[in-house]
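Student:
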Amino acid sequence: MQQERTDTFPQPLGLFDLSGRVALVTGGTRGLGRAIVRALAQAGADVIVASRKQDACEEAAAEVRRLGRRALAHVCHVAHWDEIDRLVADSYAEFGQVDVLVNNAGLAPTYPDPQGVTEELWDKTLGVNLKGPFRLTSLVGARMCEGSGGSIVNISSIGGVRPTHDILPYAAAKAGLNALTIGFADAFGPKVRVNAIMPGPFRTDISRHWNHDAFNERAKTFPLRRAGEPEELASAVLYFASDASSFTTGAVLAVDGGAQWSLAGGGDAVPGYTSIYDGKRDWT
Ligand SMILES: NC(=O)c1ccc[n+]([C@@H]2O[C@H](COP(=O)([O-])OP(=O)(O)OC[C@H]3O[C@@H](n4cnc5c(N)ncnc54)[C@H](OP(=O)(O)O)[C@@H]3O)[C@@H](O)[C@H]2O)c1
Numbered sequence: 048m049q050q051e052r053t054d055t056f057p058q059p060l061g062l063f064d065l066s067g068r069v070a071l072v073t074g075g076t077r078g079l080g081r082a083i084v085r086a087l088a089q090a091g092a093d094v095i096v097a098s099r100k101q102d103a104c105e106e107a108a109a110e111v112r113r114l115g116r117r118a119l120a121h122v123c124h125v126a127h128w129d130e131i132d133r134l135v136a137d138s139y140a141e142f143g144q145v146d147v148l149v150n151n152a153g154l155a156p157t158y159p160d161p162q163g164v165t166e167e168l169w170d171k172t173l174g175v176n177l178k179g180p181f182r183l184t185s186l187v188g189a190r191m192c193e194g195s196g197g198s199i200v201n202i203s204s205i206g207g208v209r210p211t212h213d214i215l216p217y218a219a220a221k222a223g224l225n226a227l228t229i230g231f232a233d234a235f236g237p238k239v240r241v242n243a244i245m246p247g248p249f250r251t252d253i254s255r256h257w258n259h260d261a262f263n264e265r266a267k268t269f270p271l272r273r274a275g276e277p278e279e280l281a282s283a284v285l286y287f288a289s290d291a292s293s294f295t296t297g298a299v300l301a302v303d304g305g306a307q308w309s310l311a312g313g314g315d316a317v318p319g320y321t322s323i324y325d326g327k328r329d330w331t
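Adding 47 to a residue's 1-based position in the sequence shown gives its number in my numbering.
1. As a quick exercise: from ARG112, LEU271 and ASP102, pick the residue whose alpha carbon is nearest that of GLN89.
2. For SER198, which beta-bridge partners are listed by DSSP?
3. From what residue to what residue does the alpha helix (DSSP H) around THR73 run?
4. Is it buried or exposed, THR165, if we count other Cβ atoms within 10 angstroms and call 16 or more buried?
5. Just list the residues that DSSP pairs PRO216 with in beta bridges.
6. Apart from the five residues just before and just after PHE262, which ones in its own chain have a Cβ nearer than 6 Å to its Cβ?
7. When you measure from the CB of PRO246 to every non-hydrogen atom of ligand 1, does any distance come out below 6 Å?
8. My guess is that VAL175 and THR228 are in contact by the Cβ rule of under 8 Å, so how many angstroms apart are they, rounded?
9. Ligand 1 and ALA103: does any heavy atom of the ligand fall closer than 6 Å to the residue's C-beta?
10. Out of GLY80, ALA301 and ALA232, state which residue places its alpha-carbon closest to the alpha-carbon of LYS208.
11. Among the candidates ASN150, GLY115 and ARG116, whose CA atom is the shortest distance from the CA of GLY74?
12. DSSP has GLY93 in a bridge; who is on the other side?
13. Sorry if obvious, but does the Cβ on SER98 come closer than 6 Å to a heavy atom of ligand 1?
14. Is the CB-CB distance between PHE142 and VAL241 below 7 Å?
15. With DSSP run on the structure shown, which of helix, strand or coil describes PRO318?
16. Do ALA108 and VAL96 count as a contact pair if the criterion is CB distance below 7 Å?
17. Looking at the secondary structure, which residues open and close the alpha helix (DSSP H) in which VAL302 lies?
18. Per DSSP, which one or two residues make a beta bridge with LEU285?
19. Comparing C-alpha positions only, which one of ARG77, VAL72 and SER293 sits nearest to ASP125?
20. I need the DSSP call for PHE63, collapsed to helix, strand or coil.
21. Is it true that the CB of ALA288 sits closer than 7 Å to the CB of SER185?
22. Between which two residues does the beta strand (DSSP E) carrying HIS121 extend?
23. Please state whether DSSP places GLY115 in a helix, a strand or coil.
24. Helix, strand or coil, according to DSSP, for GLY206 in the structure here?
25. Please report how far the alpha carbon of ASP348 lies from the alpha carbon of GLY78, in whole angstroms.
26. Keeping to the same chain, check which residues put their C-beta closer than 7 Å to that of THR296; ignore five residues upstream and five downstream.
27. Judging by CA-CA distance, which residue of LEU280, ASN225, GLY230 and ASP160 is the nearest neighbour of PRO248?
28. Just verifying my parser: in three-state terms, what is the DSSP assignment at GLY80?
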């Protein structure tokens, strides 16, 4: 029979403590990324915030400092590997370590139909959602292995496992990110854990371009009947980032209010199917 470890087992809430750790979050300026940055700082981590816009990074970094942590604002277009290399070099120069990496930056462009997907849209979607995380994980994961280890969290999407006709390049990229999660868990174990979270529909800038009538109809079929709020995603990131998930790697967790089990497939086969995307999203 297994022995009870009342004497040595850490207190559950203490497992989420990130004091003394450094986290790097891409796309940390708004939406889910901003909530993730805030939650990591509240748990005690210093945070490097990266996105394409310096002002936005500075603003998020200022919030981290107000919470009493150190912060670095760093411009980086994650699809550009030279910029990723600089981000990694500057992060280690500033803090000497990265303990948590959150590959969150992403975009989900809309298009009229599959034939209307341009090579530019395809390359950009795969670049930001897949190629960037591959490079950043390769570099940071290797440094974590040389050092004292770490945790990498990839923000994927339920689109990766429940693709519909209106998100094909995005779904392919996120399915690839799920595969990278498992592969990198193998590559960087045992010192580094790599996990992914698949958000369902969350209220962020992305949702400004939903067809809200279509979404509200669809949401009636979700087990939890609604979209998520960014803080509800950030708490799952805290779990994977911290020692609370010390025996979990290569896992892909849906945080979606159950939406993946009821999202309709698309096309003419589904009577009354209306895309929740309004086709107006700016993806440049
Ligand atoms: N919201 C949802 O319903 C939902 C559902 C499933 C999955 N997700 C995933 O969750 C993640 C965050 O989504 P979100 O809804 O929070 O998006 P969002 O509100 O549009 O925020 C996107 C973030 O990524 C940054 N970003 C965009 N392109 C970038 C690039 N090329 N290089 C670096 N940073 C870039 C943006 O900052 P800048 O503009 O300053 O670069 C911003 O900080 C994404 O990976 C997305 O695919 C979201």
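Think of the CB as a built atom: it goes at the ideal place given N, C-alpha and C, for glycine as much as any other residue.
Tutor: By the coordinates alone:
1. ARG112
2. VAL147 and ARG240
3. First-last for THR73: 69-73, but that is the beta strand (DSSP E), not the alpha helix (DSSP H).
4. exposed
5. According to DSSP, which records beta bridges pairwise, PRO216 is partnered with nothing at all.
6. ILE323
7. yes
8. About 17 Å; that fails the 8 Å criterion.
9. yes
10. One point to set straight first is that residue 208 is Val, not Lys, in the sequence displayed. Answer by Cα proximity: ALA301.
11. ASN150
12. Correcting the residue type first, residue 93 is Asp in the shown sequence and not Gly. Note: ASP93 sits in a beta bridge opposite VAL69.
13. yes
14. no
15. Unreliable placement is indicated for PRO318, whose pLDDT of 48 sits below 50; the coordinate value is still reported in the next sentence. Reduced to three states, the DSSP call for PRO318 is coil.
16. yes
17. Premise fails: VAL302 lies in the beta strand (DSSP E), 299-302, not in any alpha helix (DSSP H).
18. Beta-bridge pairing links LEU285 to no other residue.
19. The sequence given here places Val at residue 125; Asp does not occur at that position. Of ARG77, VAL72 and SER293, the residue nearest in Cα terms is VAL72.
20. helix
21. no
22. 118-122
23. coil
24. helix
25. Residue 348 lies beyond the residue range present for the chain, which begins at 48 and ends at 331; the question has no answer from this structure.
26. ALA232, GLY236, ARG240, VAL241 and ASN242
27. LEU280
28. helix
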